[in-house]
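Numbering (this note's numbering), first residue to last: 328 to 443.
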């Protein structure tokens, strides 16, 4: 199977050379080429009687990703909890407000019962 997959990679590389480098991280610019590449690797795997995806095809696809999409990683912000001085009031305030509103509703309902 590994001898058939490079043909798919070469065809994909030829198609990707039509896409400008700075557009390679925009999936809409090359989705048809990528679909063709995926279909090619799947058909080559089936020709030799292998299921798809498999570890050999996965390794090949990963290498293609490294070659064409190595600059497309998105730096995501690292989220942290706020300091305890901020976090504790943010947790306690809704709890106290809920208790106060519950108490007010109970007190008001008992008071209304006496007036009738």
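The C-beta atom is built at its ideal place from N, Cα and C for all residues, glycine as well.
- request: Name the two residues that bound the continuous alpha helix (DSSP H) containing residue 345.
  value: The residue given as residue 345 occupies position 18 in the chain shown. Taken as a continuous stretch (DSSP letters only), residue 345 belongs to no alpha helix (DSSP H), as it is neither H nor E.
- prompt: Any idea if residue 332 is buried or exposed, counting beta-carbon neighbours within 10 angstroms, 16 or more meaning buried?
  reply: By 1-based counting over the chain shown, the position of residue 332 is 5. Around the beta carbon of residue 332, 16 or more other beta carbons lie within 10 angstroms, which makes this residue buried.
CA-to-CA distance, residue 432 to residue 426, given in whole angstroms: The residue you call residue 426 lines up with position 99 of the chain shown. The residue you call residue 432 lines up with position 105 of the chain shown. Roughly 10 angstroms separates the two Cα atoms.
- request: Say whether the region 411-420 touches the region 354-370, bearing in mind that this needs 3 or more beta-carbon pairs closer than 8 angstroms, one atom from each stretch.
  value: A contact between stretches requires three or more CB pairs, one per stretch, nearer than 8 angstroms, and the region 411-420 fails this requirement with the region 354-370.
field: Reference residue 395, options 351, 420, 372, 435, closest by Cα
entry: Locating residue 395 in the chain shown gives position 68, counting from the first residue. Checked all of 351, 420, 372, 435; the closest Cα to residue 395 is 351.
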